[in-house]
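Notes for the one structure printed next.
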Amino acid sequence: MSEELQWRVKKVLTELSTLINAIPLDGKILSDDKKNGTGKSSGKGSLASTGVVWDACDSVIGLKTLGVAGLAMKKAEEYRDLVKDALEELQAWAEEESDDDDDDEDENSGDEDDEKKDPQDIVDDLFGSQSHIPKDDPEKIREKLESSTKRLRLIILMYQAVEKRRLKTLPHLPHPELPTQLKEKSSEDPGIVECLDEVLVRMKKITNLTDDLASAFYDLDSAAIDKLMDETWFTGFATVELLIKNWEGQKDDFTTWAYKFQLAMKKGW
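Using the UniProt record's numbering, the first residue of the sequence shown is number 1, and each one after it goes up by one.
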């Protein structure tokens, strides 16, 4: 969470520096070209720079209005949308694979010249060398693809559930740690802020993993697919584990859902 504040403050200072550098040192008034960024002058002009500084300042002020909970929800939504994009791309690729299988059957019933050449070779000649799942699929990539799309849908549901049942119910922050009486016996039990930071870190990690997973499927890299599937599902499992109890340290409806989610993620894992 602190990284977001640091980034926005840095933006203010950077844009302010640009505006200050545009001020003449000889005491003269800026020309219209330098004000508007027109003519032979370089840059966007002092008027535009002033507007950018104001926007950057408003962005910092907006954090107070948004609050920690609002910012956490905003980040979770962004990460969820990235996972959805990866899922949609994988689904589109899976449909193309299915269409290619049908095209192969059509090609096999064509004329003699087509029968002498593998249909995949014809496609590759026309559109370049693009990887396709082999018909015999010795690495069971189609099976892994189906399993991955199902679990990615579950992960998207996890983002939505966390947003509704945990992020929307965050207590007023900053809140350094849970009350002593609600602390677990383990000295590793995190406070609310630390827990929230770790949840968002893991949510972001999932987006990176899903991108890498999609690339591994496109490359038909079975070893990478297996590795990334394990890491992605484990990260989703571990994210929910941090939120099993609510912010008061009690179990609730989300706890029941979280256990079911973890069980579904572990099936066939």
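A virtual CB, placed ideally from N, CA and C, is assigned to each residue, including glycine.
Distance cutoff 7 Å, beta carbons only. Does Lys227 sit that close to anything in chain D?
Of the chains in the structure shown, none is chain D; there is only one protein chain.
Under the rule that 16 or more other beta-carbon atoms within 10 Å means buried, what is Thr256, buried or exposed?
exposed
Are there three or more Cβ pairs, one per stretch, closer than 8 Å when the region 151 to 159 is compared with the region 55 to 67?
no
Go through its chain and collect everything with a Cβ distance to Leu263's Cβ below 7 Å, but skip five positions before and after it.
none
Verify whether the separation of the beta carbon atoms of Ala69 and Leu170 is less than 7 Å.
yes
Classify Leu13 as buried or exposed, calling it buried when 16 or more other Cβ atoms lie within 10 Å of its own Cβ.
exposed
Could you give the DSSP three-state label for Gln250: helix, strand or coil?
coil
So, are the CB atoms of Thr207 and Val53 less than 7 Å apart?
no
Are Lys11 and Ala56 closer than 7 Å when you measure CB to CB?
yes
Nearest neighbour of Thr50, chosen from Leu16, Thr232, Met73 [CA to CA]:
Leu16
Using the rule of at least 16 other Cβ atoms within 10 Å of the residue's Cβ for burial, across every protein chain shown, is Gly27 buried or exposed?
exposed
Please say whether Leu47 and Lys64 have beta carbons closer to each other than 7 Å?
no
Does the beta carbon of Lys260 fall short of 6 Å from some heavy atom of the ligand ADP?
The ligand ADP is absent from the structure shown, which contains no ligands of any kind.
Kindly indicate which three-state DSSP category Gly27 falls into: helix, strand or coil?
coil
Alpha helix (DSSP H) segment containing Arg202, residue limits
192 to 218
Return the CA-CA distance between Leu66 and Val193, expressed in angstroms with no decimal places.
16 Å
What is the DSSP secondary structure of Ala22, reduced to helix, strand or coil?
coil
Return the chain-ordered list of same chain residues with a C-beta closer than 6 Å to the C-beta of Met73, the five sequence neighbours on each side being excluded.
Glu163, Leu167
For Glu77 and Asp226, what's the separation of their Cα atoms in angstroms?
27 Å
Alpha carbons only, please: which of Lys150, Arg142, Ile20 is nearest the one belonging to Leu87?
Lys150
Taking all protein chains shown into account, decide if Trp233 is buried (16 or more other Cβ within 10 angstroms of its Cβ) or exposed.
buried
State buried or exposed for Met2, treating a residue as buried only when at least 16 other CB atoms are found within 10 Å of its CB.
One detail in the question is off: residue 2 reads as Ser in this sequence, not Met. So Ser2 counts as exposed.
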